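Student:
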Amino acid sequence: MFSAASSKLVCHMTNWAQYRPSGAKFTPDNIDPFLCTHVIYSLATINSFNQIIPIEWNDEQLYSSLNSLKNYNPALKTLLSVGGTVNGVSPFISLVGKPDSREAFIKSAISFLRSHNFDGLNIAWEYPGHNGSPPEDRERFTLLVTVSKPCNALTCFLLKLISCYSAIFFYLYFNSHFDFMNIMSYDFHGHWEDVTGHNSPLYRSSQLSSSPKEAAPIAKSCTWHMSVKKRHMPVGNWLMLVPNWYMPFFKKGF
């Protein structure tokens with residue numbers, strides 16, 4: 003589909019951005035077709051038959067609008083993202099559990115991507131072996147990806163706080179199956195905490211805890227990823243995600 007070694011500027015748009023107030027509303031019509039090398043469209047979900055389906059009432063219209071940008075820039079690549087936090091882990095747990103369910107998903111993905119003119123699939127499972135997904139799902143996910151790779155371009159999101167064992171697992175088994183991986187270098191701090199903190203900190207704040215449970219800042223996290231990558235991943239396969247949104251905090255008592 004496209005070269006993993008080429009330079010990439012991957013942009014990410016969401017189908018719920020259309021519901022923002024007028025000044026912040028965002029649809030594919032707002033995208034400069036020459037700004038990005040790739041655009042990932044979020045999100046689609048998975049039904050009980052392990053098939054990819056749209057979420058929003060007008061997703062198919064937005065698919066068409068996004069992919070029409072290729073008329074202006076034929077080099078632009080588009081990917082459909084399936085999963086995400088909003089859809090939970092249950093659909094993925096079901097589809098990787100058995101060979102026939104994995105096959106159903108793969109066939110559905112190929113058909114869906116081709117019919118809507120997407121170049122590839124972004125798998126946003128958050129995360130195999132985490133958040134209620136059993137440890138054996140990591141191996142099952144490998145089986146899914148191994149079979150899927152010849153069919154379409156593949157990318158995935160990699161948890162920024164993933165355990166050392168799990169990260170090594172990803173590097174060793176997925177390096178030859180994904181066209182690129184995205185390090186989720188955002189949401190390090192947010193409204194779920196008792197103190198404020200930067201959404202995407204380059205370095206750890208001196209005012210925050212030094213506990214091992216404290217999220218590693220981008221510099222430390224990416225340095226570790228890069229050191230492992232040199233042994234297990236091609237240089238062009240790693241992308242650091244840069245958030246362009248704010249993270250709200252709420253004062254207690256209000």
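One point on numbering: in the numbering used here, the residue at position 229 of the sequence shown is 231, and numbering is uninterrupted. Don't be surprised by glycine CBs; every beta carbon is placed ideally from N, CA and C. Since the model is a prediction, treat every value here as computed from it, not as a measurement.
If we ignore side chains and look at the alpha-carbon of each, how far apart do Ile42 and Asp196 end up?
Tutor: One-based indexing of the sequence shown puts residue 42 at position 40. One-based indexing of the sequence shown puts residue 196 at position 194. Using only the alpha carbons, I get a separation of about 33 Å.
Student: Where Trp59 and Val147 are concerned, what is the direct C-alpha to C-alpha distance, given to the nearest angstrom?
Tutor: The residue you call residue 59 lines up with position 57 of the sequence shown. The residue you call residue 147 lines up with position 145 of the sequence shown. Straight-line Cα distance between these residues: approximately 29 Å.
Student: Is Asp121 a contact residue of the ligand ZN, with contact defined as CB to any heavy atom under 7 Å?
Tutor: With respect to small molecules bound, the structure shown includes none, and the ligand ZN cannot be examined in it.
Student: Around the Cβ of Lys257, are there at least 16 other Cβ atoms within 10 angstroms (buried) or fewer (exposed)?
Tutor: Any question about residue 257 goes unanswered here, given that the chain covers just 3 to 256.
Student: Taking just the CA atoms, how far does Phe28 sit from Trp18?
Tutor: Translated into the one-based positions of the sequence shown, residue 18 becomes position 16. Translated into the one-based positions of the sequence shown, residue 28 becomes position 26. C-alpha separation (whole angstroms): 9 Å.
Student: What does the Cβ neighbour count give for Ile55, buried or exposed, with the cut at 16 atoms within 10 Å?
Tutor: Position 53 of the sequence shown, counted from the first residue, corresponds to residue 55. Looking at its Cβ environment, which holds fewer than 16 other Cβ atoms inside 10 Å, Ile55 is exposed.
Student: Going by DSSP, name the residue or residues bridged to Thr16.
Tutor: By one-based count along the sequence shown, residue 16 stands at place 14. In the DSSP output, where bridge partners are listed per residue, Thr16 has Ser44.
Student: Buried or exposed: where does His193 fall if 16 or more other Cβ atoms within 10 Å of its Cβ makes it buried?
Tutor: Counting from 1 along the sequence shown, the entry for residue 193 is found at position 191. Classification for His193: exposed.
Student: Leu45 and Gly86: beta carbons closer than 8 Å?
Tutor: Within the sequence shown, the letter at position 43 stands for residue 45. Within the sequence shown, the letter at position 84 stands for residue 86. Yes, the pair counts as a contact, with Cβ atoms nearer than the cut-off.
Student: Suppose you measure from the CA of Pro203 to the CA of Ser83; what does that come to, to the nearest Å?
Tutor: The residue you call residue 203 lines up with position 201 of the sequence shown. The residue you call residue 83 lines up with position 81 of the sequence shown. Distance between the alpha carbons of Pro203 and Ser83: 26 Å.
Student: By the 10 Å Cβ neighbour count, where 16 or more other Cβ atoms means buried, how is Ser187 classified, buried or exposed?
Tutor: Against the sequence shown, residue 187 aligns to sequence position 185. Result: buried.
Student: Can you tell me the Cα-Cα spacing of Gly199 and Gly99, whole angstroms?
Tutor: As a working mapping, residue 199 is identified with position 197 in the sequence shown. As a working mapping, residue 99 is identified with position 97 in the sequence shown. Whole-angstrom Cα-Cα distance: 39 Å.
Student: Pull up the CB-CB distance for Asn52 and Leu97, whole angstroms please, since I reckon it's below 8 Å.
Tutor: Here residue 52 is taken as the residue at index 50 of the sequence shown, counted from 1. Here residue 97 is taken as the residue at index 95 of the sequence shown, counted from 1. Contact flag correct, Cβ pair sits at about 4 Å.
Student: Report back the beta-carbon spacing between Asn201 and Met249 to the nearest angstrom; my notes put them in contact at under 8 Å.
Tutor: Counting from one through the sequence shown, the residue named residue 201 turns up at place 199. Counting from one through the sequence shown, the residue named residue 249 turns up at place 247. With a Cβ gap of about 4 Å, Asn201 and Met249 count as contacting.
Student: Given a cut-off of 8 Å on the beta-carbon distance, is the pair Tyr74 and Pro35 in contact?
Tutor: Here residue 74 refers to the residue found at position 72 of the sequence shown. Here residue 35 refers to the residue found at position 33 of the sequence shown. Yes, the Cβ-Cβ distance between Tyr74 and Pro35 is below 8 Å.
Student: Looking at the strands, I want to know which residues DSSP matches up with Leu82.
Tutor: By 1-based counting over the sequence shown, the position of residue 82 is 80. According to DSSP, which records beta bridges pairwise, Leu82 is partnered with Tyr43 and Leu123.
Student: Which of helix, strand or coil does DSSP assign to Phe36?
Tutor: Position 34 of the sequence shown, counted from the start, is the residue given in the question as residue 36. If DSSP states are grouped into helix, strand and coil, Phe36 belongs with coil.
Student: What is the DSSP secondary structure of Phe114, counted as helix, strand or coil?
Tutor: The sequence position of residue 114 within the sequence shown is 112, counting from 1. Three-state result, Phe114: helix.
Student: Taking the alpha-carbon positions, what's the Lys79 to Ser103 distance?
Tutor: By one-based count along the sequence shown, residue 79 stands at place 77. By one-based count along the sequence shown, residue 103 stands at place 101. Each residue's alpha carbon lies about 28 Å from the other.
Student: Just mark Val88 as buried or exposed, buried being the case when its beta carbon has 16 or more other beta carbons within 10 Å.
Tutor: Translated into positions along the sequence shown, residue 88 becomes position 86. By the 10 Å Cβ count, Val88 comes out exposed.
Student: In the DSSP output, what is Trp240 paired with across the bridge?
Tutor: Residue mapping note: residue 240 aligns to position 238 of the sequence shown, counting from 1. Per DSSP, Met183.
Student: What would DSSP say about Ile257, mapped onto helix, strand or coil?
Tutor: Past the edges of the chain, shown from 3 to 256, lies residue 257, and the structure says nothing about it.
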